[in-house]
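Q: Following this message is one structure expressed as structure tokens.
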Amino acid sequence: MAVGSIIVVNANSLPCHVFVSKYSRPSAHDDWYTLEPGQRSSWTREGWELVAFKNAADTSRAGVYVRLNTTVTFHDLNAISVA
Numbered sequence: 010m011a012v013g014s015i016i017v018v019n020a021n022s023l024p025c026h027v028f029v030s031k032y033s034r035p036s037a038h039d040d041w042y043t044l045e046p047g048q049r050s051s052w053t054r055e056g057w058e059l060v061a062f063k064n065a066a067d068t069s070r071a072g073v074y075v076r077l078n079t080t081v082t083f084h085d086l087n088a089i090s091v092a
């Protein structure tokens with residue numbers, strides 16, 4: 010498999026908590042990370058992965074399953090866009 014990345018952008022006015030699975034790259038990390046408003050980060054992976062978000066209290070979660078070289082933009086838990 011080719012190595013690429015999954016980019017996550019926080020388009021919300023509040024920090025978001027994001028997790029990117031490591032199905033395609035077992036040596037990677039799959040911890041929860043906090044992205045500040047306007048921040049973007051990239052995760053190196055080799056295939057399809059789950060990108061999930063949770064609220065600060067961890068009472069609600071949402072996510073999308075995406076392919077390599079995808080940008081996931083978080084607007085809120087009910088509005089996650091994939092490009």
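No gaps in the numbering here: position 57 of the sequence shown is 66 in this note's numbering, and each next residue is one more.
Virtual Cβ for every residue (Gly too), placed ideally from N, Cα, C.
Which full runs of the beta strand (DSSP E) of 3+ residues lie inside the stretch 10–54, going along the chain?
A: 13–19, 25–29, 42–44 and 49–54
Q: Looking only at C-alpha atoms, which of Asn19, Pro24, Val73 and Gly13 sits nearest to alanine 65?
A: On the sequence shown, position 56 is the one that residue 65 refers to. Of the listed residues, the one whose Cα sits closest to alanine 65 is Pro24.
Q: Decide if asparagine 19 is buried, meaning its Cβ has at least 16 other Cβ atoms within 10 Å, or exposed.
A: Position 10 of the sequence shown, counted from the start, is the residue given in the question as residue 19. Result: buried.
Q: Is the beta carbon of phenylalanine 62 sitting closer than 8 Å to the one on arginine 54?
A: For the purposes of this step, residue 62 is taken as residue 53 along the sequence shown, with counting starting at 1. For the purposes of this step, residue 54 is taken as residue 45 along the sequence shown, with counting starting at 1. Arginine 54 sits away from phenylalanine 62, with the two beta carbons spaced by 8 Å or more.
Q: On a Cα-Cα basis, can you pick out the residue from Arg49, Pro35 and Ala88 that is closest to glycine 56?
A: Counting from 1 along the sequence shown, the entry for residue 56 is found at position 47. Among Arg49, Pro35 and Ala88, the Cα nearest to that of glycine 56 belongs to Pro35.
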